[in-house]
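Below is one structure, written out as structure tokens, with a few remarks after it.
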Amino acid sequence: MNSQAPTSASGARPSDRRARRRQETIDEILRIAEDVMTEEGVNGLSLAEVARRLGVQPPSLYKYFPSLMAVYDALFFRGQVNHLEVMRAAMAGGKPGLDALTKGLEASGRWLLANRAVGQLMFWRPVPSFEPSSASFAPSVEMVRLQRDALGDAVRAGELGPGADSDEAVYLISTLIAGVVGQAMANEPDVPWGEGRFTPTFPKLMSLLVAVYPPRAQAQKRRR
């Protein structure tokens, strides 16, 4: 007796087709949600507006997302995954240490300016009541690990002093990149990374790391 599920003429099982259609609908909901956030602000997202643009009644969305916060969480997770991939690829193309770290942070800045609404959801708090789930936050933890590893590489290469291999240094570089991106978003939102008044200053800001965490030889010269 053949207990396998029947397939269509195309060879796909009905369950596979349903899963594919469901995922396509989820992707469309998230695309529309991102459009709404871009146009109305991250806190301006509503299920009613998403449903209107999708051409359905709001209750129909609950088959895919139980709440507005669930939509935010899905957007947060998808954004963190994409952002992590971009940063990891950029760092892999650089020399271990400060070069890789700078390339990764610049790639992060470019991505955030190209995905402003989701970027704000990921790294600012435009929706005070939203807290990402642990699963959605996991890529962000991995991002911090990449940065910490690059700082450790910089210390071992003699580019920075031992104090740079620390959480404090991670907080410092996150402040630098967030400050540059925040200024660009607020004042030059449509200007690409590397142009305008703010993002070209980032390489100079990164040089502050050497001033704060001078390599051993440089620190010894200062003490003489």
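Under this note's numbering, the residue at position 128 of the sequence shown is numbered 966, and the numbers go up by one with no gaps. Virtual Cβ for every residue (Gly too), placed ideally from N, Cα, C.
Between A988 and L950, the C-beta spacing is not below 9 Å. A straight-line Cα-Cα distance of about 21 Å links V1029 and S1012. Cβ atoms of S853 and F914 stay farther apart than 8 Å, at about 29 Å. Membership of N1025 in the alpha helix (DSSP H) is indicated by the continuous run 1005 to 1025. The Cβ atoms of M1023 and V956 lie no closer than 9 Å to each other. Under the DSSP assignment, L885 falls in the alpha helix (DSSP H) whose first and last residues are 885 to 892. For a cut-off of 8 Å, the C-beta gap from R926 to L984 is around 6 Å, short enough to register as a contact. In the DSSP assignment, E1033 falls outside any alpha helix (DSSP H) and carries neither an H nor an E. Here DSSP, grouped into helix, strand and coil, assigns K933 to coil.
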